[in-house]
Amino acid sequence: MSAQTAPFAVLTDIAQRSRSMAAGLPEQQEAVELWNGIGFILAGERYVAPMGEVTEILHVPRFTHIPGVRPFLLGAANVRGRLLPLVDLASFFDIPRSSRSLRERRVLVVEEGDIFSGLVVDSVLGMQYFASDSFKDAPKGVPENVRPFVTGGYERNEEVWKVFSAVDLLDDERFLDVAQW
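No gaps in the numbering here: position 95 of the sequence shown is 97 in this note's numbering, and each next residue is one more.
Next comes the structure, spelled out in structure tokens:
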């Protein structure tokens with residue numbers, strides 16, 4: 003062996019010994035497909051809005067009351083130069099309101115086409131992940147007024163999170179008709 007090939011032969015020998023002694027990779031376990039959304043509480047119930055339907059989460063900003071509108075429209079707030087109508091979801095659905103003060107509640111900002119709106123909920127629980135196969139078509143315990151906007155539910159730890167469609171809400175004529183008379 004020449005001086006040039008000796009180092010190469012040593013490296014080749016090391017590589018072969020490494021391969022022969024290396025442990026194999028663990029078997030790949032089947033990955034669970036996940037669905038995710040933004041979790042929130044409304045009237046003590048757990049809901050989740052699909053990830054793509056919520057553009058932002060805010061503390062309730064200072065807002066101006068608007069005369070001549072239905073009680074569920076709290077008012078309008080200036081959020082980075084845009085007027086954001088604030089809708090109290092509990093009031094809109096005529097379900098018991100949380101005992102939380104307005105300062106403790108949160109706003110889910112939703113935008114679909116020309117409609118830009120803030121949905122005031124009791125609290126936001128952040129991103130939630132569910133196994134896709136835990137989906138249920140008709141979860142129990144959904145108030146009658148909320149039912150048209152619930153597209154199913156995901157079960158986790160023996161608790162069902164109702165999937166709330168903000169897009170369906172924004173398409174509803176009752177939601178868009180805010181005039182008092």
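We put the CB at the ideal spot given by N, CA and C, even for glycine.
Could you check which residue in the options has the C-alpha nearest to that of residue i?
| i | options | result |
| --- | --- | --- |
| Ile59 | Ser93, Leu127 and Val71 | Leu127 |
| Gln130 | Tyr49, Val12, Ala24 and Met23 | Tyr49 |
| Ala92 | Gly83, Ile40, Leu104 and Leu86 | Leu104 |
| Gly143 | Arg19, Ser136, Phe137 and Val152 | Val152 |
| Ser136 | Trp163, Arg176, Pro9 and Pro52 | Trp163 |
Give the C-beta separation of residue i and residue j to the nearest angstrom, bearing in mind that I take them to be a contact with Cβ-Cβ under 8 angstroms.
| i | j | result |
| --- | --- | --- |
| Ile140 | Gly70 | The sequence given here has Ala at residue 140, not Ile. Not confirmed; about 38 angstroms, so no contact. |
| Pro145 | Asp170 | Not a contact, Cβ separation roughly 15 angstroms. |
At the level of alpha carbons, what is the spacing between residue i and residue j?
| i | j | result |
| --- | --- | --- |
| Ser119 | Glu29 | 48 angstroms |
| Leu86 | Phe65 | 9 angstroms |
| Arg158 | Phe10 | 57 angstroms |
| Gln18 | Ala8 | 15 angstroms |
| Arg99 | Gln31 | 45 angstroms |
| Arg108 | Val62 | 6 angstroms |
| Gly115 | Glu160 | 37 angstroms |
Hey, residue i and residue j: beta-carbon distance below 7 angstroms or not?
| i | j | result |
| --- | --- | --- |
| Leu44 | Val89 | no |
| Asp179 | Asn147 | no |
By Cβ distance, which residues of its chain are closer than 6 angstroms to residue i, with the 5 residues on each side in sequence left out?
| i | result |
| --- | --- |
| Ala168 | Ala51, Glu55 and Val112 |
| Gly41 | Val50, Leu127 and Gln130 |
By Cβ distance below 7 angstroms, which residues in the same chain neighbour residue i in space, the five residues on each side in sequence not counted?
| i | result |
| --- | --- |
| Pro73 | Ser93 |
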